[in-house]
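**Q** Counting in my numbering, the sequence shown runs from 214 upward without gaps.
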Amino acid sequence: MKKFVAGMLCFCMMAAVATACGGGDSNGSDTPATTVNNGGGDTGETTEDPATDPANEGKTPINLYAFTEEVPMMCQCFLDTHPDFAAQYYINKTVIPTTEQQYQPALDQALLNGGEDAPDMYVCEEAFIIKYTQGDMSSFAAPYEDLGIDVDAKIEEAQIAPYTVECGTNPDGKVVALGYQTTGGAFIYRRSIATEVFGTDDPDAIAEQIGAGTNSWDAFWDTADELAANDIAIVSSIGDMWNVVKHQPNTSAWVVDGALNIDPNRESFLDIAKDLIDNGYCNDTSAWQDAWFADMAGIGEKPVFGFFGPAWLVNYTIAPHCGGDSAPADGDFTQGNTYGDWAVCQSPVGFFWGGSWVLCNNDSDKKEAVGQIIEWITLDCTNTGLQYYWANGMISTDNYAEDGVMPEGTYTSDSVASAVVMGMSDGSSDFLGGQNMFDVFVPANEFASGEGMTQYDENINAEWQNQAGYYAHGEKDRDAAIEDFQTYVSENLGL
C-alpha cells in the first residue's frame, strides 16, 4: 500500500502544481491564502528545535504537523492545563502554510518516510481532509478507538456536528479525524437593508424571506429580484453562492466508480452564476480581494445584502473589514462603517465552508498520549475543555503565548464542534446587534452534510468555479464550459 501511495504522491504533486498554475479564477478562490481561525497564523515554516530547550530535557516529543499556529497553540494550552502530562511530553511542531501548495507534499513525505521524525499528530483542512481519511493517504490515520478514546459514546455525549464525523470517518467506518470548530453556514445579512426593503431585520422573518431550510432557491431569487429593484445586490460575488452549492446536501460525489460525475445540483451552479451576473444580483467581486471587502463596509459598487458563511466569516473576515470597531454614533451605516448592522439567519440549503480536523499517525508509538490531546481538543464538552475555551472567547492564537487562558468574553466567541458546549456558551455579539449567533449556527451545523466528497475536490471545485465564471460572463457557452471542464479533469486528474 505504501509503495502505491509513494507513486501517487508524485502525481499529487504534479496536480498541485497544475492547479497553482491554472487559468485565472474570475470569482476568487474558495478559501483565502491566509485566514485566522479558518487556517490562520504564521505564513512561514516553523524552524525552532524544542529538543534543545533545557525545560524539555528527559521528555518525549510529540511531533505535530500543522498549517497554522492554531492547533499548536491548543496543544500548548493542553500542556499548560495538564502539568502531569507536560512533565512527560513536549510538542515538536512543524508549521507549513498551505500557500504555494507546500503543506500536503511535506506532510505526505513525512508520513511516508516514517521514523522518529514522522508526525504523531497532523492537521487537515476541508480542501483535502478526504484524502487523509478516505483517500490515498487514509491508511496512515489511526482510528480514534485505537487511541484509547470511547469515540462513539463521546460523540453522542458532546453532540458533535454530524458532517464533521462524516468527513472524519474512514472506509471501514472508523472515526479517524474530528474537528474542534464547526463551519456550518448561515446567511449573514445587513439589518439596515432588511429594514429598508422588507420592513424588519428580525432573523426569523428574514429566514422566511429567503426560504431558509427549504432546500430550494426559489424564495431566494424572489428576494434577489426585490432587492435588485432597489439597486441592491443580494450577494457580493459568484463565489459566495458556490460556497453553498458545492456542499449542498443530497449531492452525489464528483467521482463515482472512478469516473467524473456532474451532479444536477452542481451543474445548476452554471445557471446560478449567470443569473447573478445577468440580473445584477451581485457586484461581481472576487473573494479575498479589495472589492469583496469593500462590500462588507458598505462602500462597494452598490449595497450588498449579505454573505453566506460560517461563524469564522463573521468573526475573522466581515468584522475586521466592516470599517469600524463600534457602531456609528449617528446610526448611519452608509458611510463606510457597518459594525452592528449585521445579523445571521438560516440558509435556504445546508452547507459548510472550511474547518480543520486532527489526526493521529497509525505508526506512532505514542497513540495513548496523542489520544489524550485529541480527545481534549475534539470531544471534551466540559467547561475545562478546549471547545469551551474557544466558544467563550477565553483563548486566542495570537495572544496565547502572552496571556494564556483568560476570563470568558476576553476574545471572540467561535462556533465549536460540540452542540453541548455551544448550549453552555454565549455567542452574543455587539457586531451582530446583540444577537446570539449560536442560536443559528447550532442548527446550521446539523443541516450541513459531509457526504459526496472526494480527494479530488480541491482541484475539481476550483476548475468548475472557473468555468462557471467564464460562462456567466459570456466568454464561452454552456456546452463549451462543460466540455472544457471535462477536458481539464481528464488531463489533470485522469478521470
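Every residue, glycine too, gets a C-beta built ideally from N, C-alpha and C. Remember, it's a predicted structure, so these values are computed and weren't measured experimentally.
Just checking Ala504 against the ligand NAD - is the residue's beta carbon closer than 7 Å to any of the ligand's heavy atoms?
**A** Of ligands this structure carries none, so the ligand NAD is not represented either.
**Q** Identify which residue in Gly568, Phe482, Gln461, Trp555 has its Cα closest to the Cα of Gln186.
**A** For the chain, the structure presents residues 214 to 708; residue 186 sits outside this window and is missing.
**Q** Out of curiosity, what's the CA-to-CA distance linking Leu440 and Ile447?
**A** 7 Å
**Q** Taking Trp619 as the reference, give the member of Glu676, Thr294, Glu282 with the closest Cα.
**A** This sequence places Met at residue 619; Trp is not what is there. The residue with the shortest Cα to Cα distance from Met619 is Thr294.
**Q** Out of Ile304, Gly584, Ile490, state which residue places its alpha-carbon closest to the alpha-carbon of Val364.
**A** Gly584
**Q** Going by CA-CA distance only, name the one from Tyr683, Cys337, Ala657, Met666 that's closest to Ala399.
**A** Ala657
**Q** Taking DSSP as the reference, what is the three-state secondary structure of Leu592?
**A** coil
**Q** Nearest to Trp603 by alpha carbon, out of Phe546, Asp417, Met287, Val655?
**A** Met287
**Q** Do the stretch 560-568 and the stretch 458-475 meet, that is, are 3 or more Cβ pairs less than 8 Å apart?
**A** yes
**Q** Near Ser351, which residues of its chain fall below 8 Å by C-beta distance, leaving aside the five closest residues on each side in sequence?
**A** Within the same chain, and ignoring the five residues on either side of Ser351 in sequence, the residues whose Cβ sits closer than 8 Å to its Cβ are Lys344, Tyr345, Asn383, Pro384, Val389.
**Q** Of all the options Asp643, Lys487, Cys380, Leu706, which has the alpha carbon lying nearest to the alpha carbon of Ser662?
**A** Cys380
**Q** When the Cα of Asp670 is compared with those of Glu339, Glu283, Leu526, which residue comes out closest?
**A** Glu339
**Q** Using 8 Å as the threshold, is the stretch 356-371 in touch with the stretch 628-636, meaning 3 or more CB pairs across them?
**A** yes
**Q** Measuring CA to CA, which of Tyr278, Cys290, Phe291 is closest to Gly307?
**A** Sequence inspection shows Thr at residue 307; the Gly mentioned does not correspond to that position. Closest option to Thr307, Cα to Cα, is Tyr278.
**Q** Would you check if there are 3 or more beta carbon pairs closer than 8 Å linking the stretch 585-593 to the stretch 426-440?
**A** Contact between the stretch 585-593 and the stretch 426-440 is not established, with fewer than three Cβ pairs separated by less than 8 Å.
**Q** From the DSSP output, which residues share a beta bridge with Gly392?
**A** Trp570
**Q** Please list, in chain order, all residues of the same chain as Val655 whose beta carbon is under 6 Å from its beta carbon, the five residues on each side excluded.
**A** Ala632, Met635
**Q** Output needed for Asp414: all residues of its chain with C-beta closer than 7 Å, excluding positions within five of it in sequence on either side, in chain order.
**A** Arg404, Ala407, Thr408, Ala556
**Q** Please report the straight-line C-alpha distance between Met650 and Tyr402, rounded to a whole angstrom.
**A** 12 Å
**Q** Which residue's Cα is closest to the Cα of Asp444: Asp453, Gly513, Val469?
**A** Gly513
**Q** Return the first residue and the last residue of the beta strand (DSSP E) that Trp555 is part of.
**A** 555-558
**Q** So, using beta-carbon positions, are Leu599 and Ile362 closer together than 8 Å?
**A** no
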